[in-house]
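These protein sequences, in sequence, are chains A and B. Taking this note's numbering, the leading residue of the first sequence gets 1, the next gets one more, and so forth. Taking this note's numbering, the leading residue of the second sequence gets 1, the next gets one more, and so forth. For each residue, glycine too, the CB sits at the ideal point set by N, CA and C.
Number of protein chains: 2
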Amino acid sequence: MRIGIIGCNAAGISAASAARKNDRKAEIFLVESEEVAAYSRCGLPHAISGEVTDFANLIVFPRSYYKLMRLDLRLRTTAKSIDLKEKRLVVEYEGKEECLQFDRLVLATGSNLFSPPARGMELAYHLRTIADGKGICAAAEASSSAVIVGGGLIGLEMAVALRQKGLKISLVEMLPQIAPNMLDSDMAQILQGRLEQRDIEILTGSTIQYVQREAKSSNIVLSTGSMKADLVIAATGIRPNTELARSAGLRIGESGGIWVNPRLQTSVEDIYAAGECVELLNFITGRPVLSQFGTSAVRSGRVAGTNAAGGYATMPRVLNSAVSKLFETQVGVTGLTESQAEKQGLTTISGIMGGKTKAPYYPGSKNIFAKLTFNRENMKLVGAQIIGEEEVTQRINMLSMAIKGGMTVWDLELAETCYTPPLAEPWEVSLHEASQSVLAKMKNRKN
Amino acid sequence: MRIGIIGCNAAGISAASAARKNDRKAEIFLVESEEVAAYSRCGLPHAISGEVTDFANLIVFPRSYYKLMRLDLRLRTTAKSIDLKEKRLVVEYEGKEECLQFDRLVLATGSNLFSPPARGMELAYHLRTIADGKGICAAAEASSSAVIVGGGLIGLEMAVALRQKGLKISLVEMLPQIAPNMLDSDMAQILQGRLEQRDIEILTGSTIQYVQREAKSSNIVLSTGSMKADLVIAATGIRPNTELARSAGLRIGESGGIWVNPRLQTSVEDIYAAGECVELLNFITGRPVLSQFGTSAVRSGRVAGTNAAGGYATMPRVLNSAVSKLFETQVGVTGLTESQAEKQGLTTISGIMGGKTKAPYYPGSKNIFAKLTFNRENMKLVGAQIIGEEEVTQRINMLSMAIKGGMTVWDLELAETCYTPPLAEPWEVSLHEASQSVLAKMKNRKN
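Printed below as a string of structure tokens:
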């Protein structure tokens, strides 16, 4: 058995490790176009900020791991085409083409950066690879100000990282709110206020027209005015990299990702796909979605690698849970936001609540805001958004379990949680209080 | 409508608040034998240690709250007997008896301290009330060493609190492990090691024979030897206070708590019960249990108060989730331990796993140990124990949701969690890694 894996980052290395676990004898090769493999992309902003002291620290799997696991890693090698009939992968290494035979193939081709079509933006920095990160770091050293174009998670993390390096920061978002894929506008407003307090200028509802490079700095012309900055960074999203799959004739899903079944088999037997390039199903709606997060990359990689090596695994439907740390603020989400749910045709009812993370008399209690969204038809939880200063991650995980458990507002209203004054409140803001606010709303509407 | 509530701590005040919410006009009176009402018993160790600077801070509801909610609070008033036929409660205040008429009654009579029958132990300090806490504080000022008898949660918290005040501490536990109601022996061993590292001497498998008071200190004679200490504290547990219920002829459950139906109605209509005195049902086994935690007190209080005032609420079955902070160590539990589950006749399989709380390259990653126990018949999660240094509370809550959602090891193996390097790992030790260790164990057994 010869298993080929295209791409060696979160999904690819997870697929390789799972394949090895399921087949001790298989030949496994990995093709990676970058010079470095299996590093944490999610860690890049933290290496730029300096919290992580060296980009090399982001490399999760040392070379010894590939040796131990007998994985043939081919760096600086680009997959060019797949010959499905002959089961051959054509790759390019140092300008020369080579054919690699495979029995099973896993596509973990990741994403391509998306750049807005504004003139001059092609010169902007973007963040995808370690090389990108190092480039931004070097540019930041010579800069005193930066404009970040794009107010999604990466844009926000870049804004914080560069602010921590002392740069003056402006963030430009086309839509009327930041974090539009993650938060409803009411929660985004809270987050925006916190970032502004930390001296990040935020311009929402503003489109980039063009960027003009001048002597040292750039002139950025927006729909709402113009500004100057030394450094321009595009954080305008990613698109699944499906070129190889398309040219091989694999089916592409309606979300734009590679179509797969629950075992992550593509439309062609023996070809699997995992990571950002793949289309998964949303847990709540059952509809196709992209899930371009590290957490889905490692899970789908494991599932694809297990199946490619003859094991059996299925990929769970996704909630697209995410969390980020922006200065002292932690922001997390799971499931659908209210606006996403309504767009999907659900009728919803939401509760938003602010409070403290622990007993008020205990020193060091932190602030927390939570929004829970329920399906009005059956009152099941469909989404949660939290902004707070501690334990947001595991609160989101608690709520994602509640969604997966099919829990209703009545289940959550009295749900058991653990309590001790130094660590929690007996009634948890993000669970009971937000649920109780929904029940109060329902009661008021009835009266 | 006249609603009487006996006891005004976590359960009683929750019942009163819920009753008021459901009936704006009801007359509501609360009878409390102590001088202070509605303070946090769980906070007492933290006021003794000095983390909470004043015992008065523990009072959660100020006097203005009773006024606002029109609650007739009667302090230093002891309930003596219930006349079910005439619906009268006989109380004693300043040596005089009085009859209070009621339509509905909520018993929130709490617990009594249990003292081991060893000679001299009647002179030991114990911790139940603010007065007890102040007494221990005063005694600790004049002491340089203490023996804590009892290695349950309160004993452990007292040991830590007094160690933080600088006393030399020995803790004596009759059973072969500390935290016997909360942890399996393997996890208790990890906790014990951490406490010993912080200079708490722990003697397990040691029974107290007698205590002899000497000039300044006491001589404590154990089954395993003897020791001297200035201060002796009994933390040997509590028993539901059911005297009033018994003498009124209410049914007592097999756990020793007052029998109630899911609406927390006792065997007599119009009499409800809540808090530590009540018998609840275990979520997993469906069998009667006590649930003497603040979290159950406030929930059962709310349910009983709602029903007493003509509303409708049912008390969920309990997992007896608990968490404690002992120095930097957080210890939490939900559901059944392996040994509890086996005692209940379940066949189980458990996984224990140690690791880190966040990406290894991110500074400040903390240690965490987790044990998950599954029902071998259906592979559903039945219990979790965690010892770690951050976010243990919400991890326990996540796992308690997983239990309530009926999730199996296969659900948990790949369960979606949110991830960002400064806050989490893509695979969570207490969820995925512990589950995967169980699956590996199953595979090895098969082979």
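- In this structure, B/ALA308 sits away from B/ARG74, with a CB-CB distance that is not shorter than 8 Å.
- Taking 8 Å as the upper bound on Cβ-Cβ separation, chain B lies near residues ASP411, LEU414, ALA415, GLU416, THR417, CYS418, TYR419, THR420, PRO421, PRO422, LEU423, ALA424 of the region 411-425 of chain A.
- Annotated three-state conformation of A/ASP83 is strand, per DSSP.
- Rounded to the nearest whole angstrom, the CA to CA distance from A/MET174 to A/ARG128 is 21 Å.
- Cβ-Cβ distances below 7 Å link A/PHE102 to ARG2, ILE3, GLY4, LYS87, LEU89 in the same chain, with the five nearest sequence neighbours on each side left out; the list follows chain order.
- Straight across, the Cα-Cα distance linking B/ASN397 with B/ASN241 is about 29 Å.
- The region 206-213 of chain B and the region 116-132 of chain B touch, with no fewer than 3 CB-CB distances between them shorter than 8 Å.
- For the region 157-177 of chain B, the beta-carbon criterion of a distance under 8 Å to any beta-carbon of chain A is satisfied by none of its residues.
- Taking a cut-off of 8 Å for Cβ pairs, the region 40-48 of chain A and the region 125-140 of chain A touch, as three or more such pairs fall below it.
- Contact check for B/GLN385 against B/VAL438 fails: the beta carbons are separated by 8 Å or more.
- Between the alpha carbons of A/LYS441 and B/THR314 lies a distance of about 20 Å.
- In the three-state scheme derived from DSSP, where H, G and I count as helix and E and B as strand, A/ASN57 is classed as helix.
- Listed along chain A are GLN394, ARG395, ASN397, MET398, MET401, ALA415, GLU416, THR417, CYS418, ALA424, GLU428, LEU431, each with a C-beta nearer than 9 Å to that of B/ASN397.
- Partner residues in a beta bridge of B/PHE293, as assigned by DSSP, do not exist.
- Below 8 Å, enough C-beta pairs join the region 418-435 of chain A and the region 344-360 of chain A to call them touching: three or more.
- For B/PRO316, the chain A residues whose C-beta falls within less than 9 Å of its own C-beta are ASP411, LEU414, ALA415, GLU416, listed in chain order.
- Residues of chain A whose Cβ lies closer than 7 Å to the Cβ of B/ALA322 are, in chain order, CYS418.
- Under a criterion of Cβ atoms nearer than 9 Å, no residue of chain B is adjacent to A/LEU280; the nearest Cβ is some 10 Å distant.
- Close partners of B/THR295 in chain A (Cβ separation under 7 Å): GLU416, THR417, CYS418, TYR419, PRO426.
- Only those residues of the region 86-117 of chain B whose C-beta falls short of 8 Å from the nearest C-beta of chain A would be listed, and there are none.
- Assignment of A/ILE13 by DSSP, reduced to helix, strand and coil, places it in the helix class.
- Bounds of the beta strand (DSSP E) holding B/ALA229 are 225-229.
- Excluding its 5 nearest sequence neighbours in each direction, B/ILE154 has C-beta neighbours in its own chain below 7 Å: LEU127, ALA235, listed in chain order.
- For B/ALA229, no chain A residue has a Cβ inside 7 Å of its Cβ, as the nearest lies near 26 Å away.
- Chain B has a Cβ within less than 8 Å of the Cβ of A/THR334.
- Cβ contact annotation for A/MET227 (same chain, cutoff 7 Å, sequence separation greater than five): VAL147, SER170, ILE220, in chain order.
- By the rule that beta-carbons nearer than 8 Å mark a contact, B/ARG128 does not touch chain A.
- Inter-residue distance for A/ALA19 and A/LEU431 is about 39 Å (C-alpha atoms, whole angstroms).
- Boundaries of the beta strand (DSSP E) around B/VAL91: 88-93.
- Contact between B/GLN330 and B/LEU336 does not hold, since their C-beta atoms are separated by about 20 Å, which reaches or exceeds 8 Å.
- Nearest to B/VAL149 by C-alpha distance, out of B/LEU203, B/ASN320, B/GLU32, is B/LEU203.
- Identification of chain B residues near A/GLY405 by a Cβ-Cβ cut-off of 8 Å yields MET401, ALA402, LYS404, GLY405, GLY406, MET407, ordered along the chain.
- For B/LYS325, at least one C-beta of chain A is nearer than 8 Å to its own C-beta.
- Restricting attention to A/LYS165, A/GLY151, A/GLU157, the CA atom closest to the CA of A/SER143 is found in A/LYS165.
- A distance below 6 Å between beta-carbons, with the five flanking residues on each side excluded, links B/GLU92 to the following residues of its chain, in chain order: THR78, LYS80.
- Using a 10 angstroms sphere on the CB of A/ASP184, the tally of other CB atoms reaches 16 or more, which defines it as buried.
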